[in-house]
Amino acid sequence: MSKKINLMGSEVVKGFECKPKKLDPNKPIMFYKAIVYVCSDERCAKAGKSDKAVELREIVKELGLQKGKNRIKVSRSLCQGACRFRQVVQINSDSPNQKLWLKHTQKFSKEDWKELFLKLANDEKVDKNLIDMKVYE
Ligand code: FES
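Next comes the structure, spelled out in structure tokens:
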């Protein structure tokens, strides 16, 4: 059986996708252009029919954005305190889309996600129709 190697070049623990066999605290973390926090807490998770983080990671891979200088990282979060807008996704990026809150993402199509990820990767402003959640400052 061949060894599984993660994106950082480390051998992976059997049964895991990226957990390295040898932990090296001095190894740098991977750069990412944007990090997408998918709320997977109880109320948001109920709004979606699938595991949103898994679904989004597949789309990121389809676009080839799981590695390289435009890498998009998808991570789960606990409650983000905006349950009434479930299913909530928050995106942090150093692009023109610095802090985005997405609401009702269970209604987004695969094409919506592709458009969004490509805009993040290319430093383009995301369409306001996708991000019309009101944020009090
Ligand atoms: S459970 Fe998702 S914002 Fe509260």
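Okay, so the sequence shown: first residue is 436 according to the working numbering, each after it adds one.
For glycine and all other residues, C-beta sits at the position ideal for the given N, C-alpha and C.
- At a threshold of 7 angstroms, Arg521 counts as near the ligand FES, since its beta carbon sits closer than that to one of the ligand's heavy atoms.
- Here Gln525 carries a strand assignment [DSSP, helix/strand/coil].
- Contact between Asn527 and Ala482 does not hold, since the beta-carbon distance rounds to 22 angstroms and is not under 8 angstroms.
- Residue pairing by DSSP places Trp548 opposite no residue, since no beta bridge is assigned to it.
- Looking at the DSSP output, Arg511 sits in a beta bridge with Val473.
- If you draw a 10 Å sphere on the C-beta of Cys479, you find 16 or more other C-beta atoms in it, and that means buried.
- One thing to note: Gln522 has its Cβ within 8 angstroms of the Cβ of His539.
- Beta-bridge annotation (DSSP): Lys534 is paired with Asn527.
- For the pair Val471 and Ser530, the CB atoms are not nearer than the 8 angstroms cut-off.
- Note that the C-beta distance between Ile494 and Trp536 is not below 8 angstroms.
- Only buried fits Arg492, as 16 or more other CB atoms lie within 10 angstroms of its CB.
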